[in-house]
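Below is one structure, written out as structure tokens; the observations come after it.
Residue numbers (the numbering used here), protein chains in the order written: chain A, 1 to 429; chain B, 430 to 1020.
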């Protein structure tokens, strides 16, 4: 068992370091012995970017998206908006700044009083949420470049079984929690570090990330928007807002006629079917089970907190200081005969081993304090999901799931119900 | 909010167009797949072959560094090869970029064609006849089960990961120790560098390491007693109990005797007065950064304290099976210490330490990265590291050949010689095999190694062109040792086997001069003391025989206790570590 532990430990260090694939093509400069002099290194000035214009384009695209989804009910229009957003926010702006990543800046600004978050980033974070609060997830529909890329490749999407969809839908909560933990402990911006699609926008990334992005896109041919549905942490926040949207996309423009033509229209599992009136258990039994679940909820949260605390060492490996310290410690113990660029740089620095280890211990202690909160959050999510599944719904029509629906307008053309304007025009004709 | 419109979709198939689009999508898809595979292959090839790590280039650079003056031809050759490597690298990069563009184009065509194919072969909605109420409730129930199940799995995975991948950081106590430690990272102070180390000649008069000075099994003094009796106490000057287990042998410097002992929980050094056997001090090693907790699994036959300590002037060096290496002064103060890595070595670490001039040598035979370390004896700072090909359980010998000092190490295949100053591999010869525990010995200009399941091999050294040259002089393949190391005189090599045989071989030709079979086997190594050879069997009987051309048994005094360690032979005294005691033997001791 000890051998296994050591193996897994070394493997963990290797895995953590193998994730940093960007460093592998660094190439030393040639050594000249002639009179040739290497040119001075300099940092070019930042490119001319206009944050205000980006915010304006974002607001405009969100407005157009809301109009296309809610007023025009136009799937082709949403598709065209998707193409525009992919070109502008994706390939032109190279995926930065994006609202998904901006949540890390905002979290950092909230957690660290010394960090000032630029207004443009705050706007990027808030605008999609505000629109979701009023119009649903129109940002996801055709403005998000990551969603746009996946929407374009979703050619033959099939719906996953609802139960599997619900379980996979827990992952974004985990990602959200780990992201906030990572920001609060100074481990860095994970969403940006592991953005699987930014490599396509910038035509360059580590091999691992390009492979991950490629696999997600291939998967996306048949499983629609895998990143949006099963990974995106910002989608969690948008879902929370969208639940309370004043005007949200509806499958039918007027009254549902229960034709069921839309039943398989949504490949994202965002159409709720009518709930049967009769449950297989009595109301009394249902209430008892709900009470039991509610009673268990604090236990689940506590168990999550405990698990988070126990796993703080694993989570701490997200932090570069821990990664470096563990690597250096492993090198000191002779587990590796070579060095990494990071450990080599450390050894060339004036920082001592004791200082490195002390800094790593400080980071570890920080993780130990904060990891239980991550566990508690996940416990709360699980408890909430179980409670939600234990409540009997009163739903008579086919309705969109306001949390899961990305307002892509795919279901609109399936509904045979015509709106009043169209009916009137037809009557006149 | 105005009432929304509804744009209907007509599910009208266009089969011919759909087939064409599907064909284009298939071709584009296959093309993209091929490009993708080629790109990944190219990437992996580039990644596996670091251009500037080209062995030929490295060798040329090394040659250039070692060549005095400027060899213009060599410099040109290196530059040409360097340029070639860079060209290969950047050509490969260009291929990657070109491939990326081709892939993008292929994927775009595939996507458009696939979308059109899907549009022209629409799948109209096909609702079921009536609502399936059972499916609704079963989905709810399954969702609850899955959510609960995934939560449990997440907890189990987290806890398992936490258990299997404990923090690799040294503990806070170890970090604190590291920051207080003398000379662990900071450059050695002038005072410590200026330490006065003993000369080779001074070392000969001590018993500073495993198997005596130089670790070749030959004693300087020739006055060791030949008679003692454990039952009557005759010839026993003192006898004390050993505090902790350990297979290491005693080492002696003037009036101080050192041994080490260890269990899973404690690693200690013991210092005795050689005249009285009084325990002057005992020091437990503190945990260093990297000290494994719990300690690694080792064989019972090895334990955690198999390596013998080394003494050097005023310093005592100790290493344990945990990889903890420390230096104490003779008053018991820790001078420096650190964990040099947990040796991955299936029986446990057993190679002893040896010192010469200002360096301490550590044969660190870790299976993953076997190496020979030279450390600054005063500070523990690394001076050089020589990578070894194979491991062994033997100990290094330090010999003065007619051509200079050499460190002789046995491995599972070869016997290797290194320069003590630089760690340069001077020569290597095959001849060993299996799991090698016996250490080398040396006579005149001949190195001798032997191991069971291999052959005994004599390597003759010469220096015809001022460069040390080695060649195998002869080999012997009959009775061979499993644990005990051979010893030598000017004319003969002596082998003691674990089956109880002692074999005397002629140094020049490797012919057997005589052999004698004792009742018990030998783990303790034979030592030549002047004209006599002493070898103690596993039951504690020391067989003493002459070094003449015929077997002549001089005596066989007993200690009546199992002995595995090799005794120390000083002026008129022998210090023996039995399994449980430390015994000082002297001609008139006990009377």
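Built from N, CA and C at the ideal position, the CB exists for glycine as well.
Quick caveat: nothing in here was measured; it's all calculated off a predicted structure.
- [ ] Keeping to the same chain, check which residues put their C-beta closer than 8 Å to that of residue 723 of chain B; ignore five residues upstream and five downstream.
- [x] 693
- [ ] Taking 8 Å as the cut-off, decide whether the C-beta atoms of residue 101 of chain A and residue 81 of chain A are in contact.
- [x] no
Task: 8 Å Cβ cutoff, residue 68 of chain A in contact with chain B - done: no
Task: Where residue 872 of chain B falls: helix, strand or coil (DSSP) - done: strand
- [ ] Give me the Cα-Cα distance between residue 710 of chain B and residue 818 of chain B, rounded to the nearest whole angstrom.
- [x] 39 Å
Task: Cα-Cα separation, residue 209 of chain A to residue 316 of chain A - done: 22 Å
TODO: May I ask you to list, following chain order, the residues of the region 442 to 458 of chain B that have a beta carbon less than 8 Å from some beta carbon of chain A?
DONE: none
Task: Span separating the alpha-carbon of residue 343 of chain A from that of residue 325 of chain A - done: 8 Å
Open item on the list: With three or more beta-carbon pairs closer than 8 Å as the criterion, would you say the region 840 to 847 of chain B touches the region 925 to 936 of chain B?
Closed with: no
TODO: Express the C-alpha separation of residue 230 of chain A and residue 250 of chain A in angstroms, rounding to a whole number.
DONE: 23 Å
Open item on the list: Mapping the DSSP letters down to three states, classify residue 26 of chain A as helix, strand or coil.
Closed with: Reliability of the predicted coordinates at residue 26 of chain A is poor, the pLDDT of 49 falling under 50, and the value obtained from them is presented with this limitation in mind. Note: residue 26 of chain A maps to coil in three-state DSSP.
TODO: Could you tell me whether the Cβ atoms of residue 974 of chain B and residue 992 of chain B are closer together than 8 Å?
DONE: no
TODO: Please name the residue in B:457, B:534 and B:451 whose C-alpha comes closest to that of residue 156 of chain A.
DONE: B:451
Task: residue 264 of chain A: contacting residues in chain B (beta-carbon distance under 9 Å) - done: 552, 554, 555 and 556
- [ ] Evaluate residue 769 of chain B with the Cβ neighbour count: other Cβ atoms within 10 Å of its Cβ, from every protein chain shown; 16 or more gives buried, anything less gives exposed.
- [x] buried
Open item on the list: List, in chain order, every chain A residue whose beta-carbon is nearer than 8 Å to that of residue 719 of chain B.
Closed with: 329, 332 and 333
Task: Validate contact between the region 574 to 582 of chain B and the region 394 to 401 of chain A using beta carbons, cut 8 Å, 3 pairs - done: no
- [ ] For residue 295 of chain A, count neighbouring C-beta atoms within 10 Å of its own C-beta (all shown protein chains included) and say buried if the count is 16 or more, exposed if not.
- [x] exposed
TODO: Using the Cα positions of residue 121 of chain A and residue 108 of chain A, report the straight-line distance between them to the nearest angstrom.
DONE: 12 Å
Task: Neighbour flag for residue 577 of chain B against chain A, beta carbons, 8 Å - done: yes
- [ ] Could you list which residues in chain A have their beta carbon closer than 7 Å to that of residue 562 of chain B, in chain order?
- [x] 276
- [ ] Could you work out which residues of chain B lie near residue 313 of chain A, taking near to mean beta carbons separated by less than 8 Å?
- [x] 591, 594, 595 and 596
Task: Residue environment, residue 103 of chain A, which counts as buried when at least 16 other CB atoms sit within 10 Å - done: buried
Open item on the list: Is there a C-beta anywhere in chain A that falls below 8 Å from the one on residue 460 of chain B?
Closed with: no
Open item on the list: Against chain B, with Cβ distances strictly below 8 Å, would residue 323 of chain A count as a contact?
Closed with: no
TODO: Could you check if residue 620 of chain B is buried or exposed, using at least 16 other CB atoms within 10 Å of its CB as the buried criterion?
DONE: Because residue 620 of chain B sits at a pLDDT of 37, beneath the cut-off of 50, its placement in the model cannot be relied upon, and the following sentence gives the value as read from the coordinates. Exposed, because fewer than 16 other Cβ atoms sit within 10 Å of the Cβ of residue 620 of chain B.
Task: residue 264 of chain A and residue 442 of chain B closer than 8 Å at C-beta - done: no
TODO: Taking only the alpha-carbon atoms, compute the straight-line gap between residue 925 of chain B and residue 682 of chain B and give it to the nearest angstrom.
DONE: 27 Å
Task: Spatial neighbours of residue 749 of chain B in its chain, beta-carbon cut-off 8 Å, leaving aside the 5 residues before and after - done: 689, 691, 696, 714, 733, 734, 736 and 778
- [ ] Compare the C-beta of residue 385 of chain A with all C-beta atoms of chain B and state if any pair is closer than 8 Å.
- [x] yes
Task: Contact with chain A by residue 936 of chain B, beta-carbon distance below 8 Å - done: no
Open item on the list: Quick check: what's the CA-CA separation for residue 406 of chain A versus residue 200 of chain A?
Closed with: 23 Å
Open item on the list: Can you give me the C-alpha to C-alpha distance between residue 2 of chain A and residue 333 of chain A, rounded to a whole angstrom?
Closed with: Unreliable placement is indicated for residue 2 of chain A, whose pLDDT of 48 sits below 50; no coordinate value is reported for it.
Task: alpha helix (DSSP H) runs contained entirely in the region 198 to 277 of chain A, provided each spans 4 or more residues - done: 198 to 202, 207 to 220, 226 to 230 and 233 to 243
TODO: Within its chain, find whatever has a CB closer than 6 Å to the CB of residue 151 of chain A; leave out the 5 residues flanking it on each side and keep chain order.
DONE: 82
TODO: Taking a Cβ distance cut-off of 9 Å, strictly less, list which residues of the region 735 to 768 of chain B are near chain A, in chain order.
DONE: 752, 767 and 768
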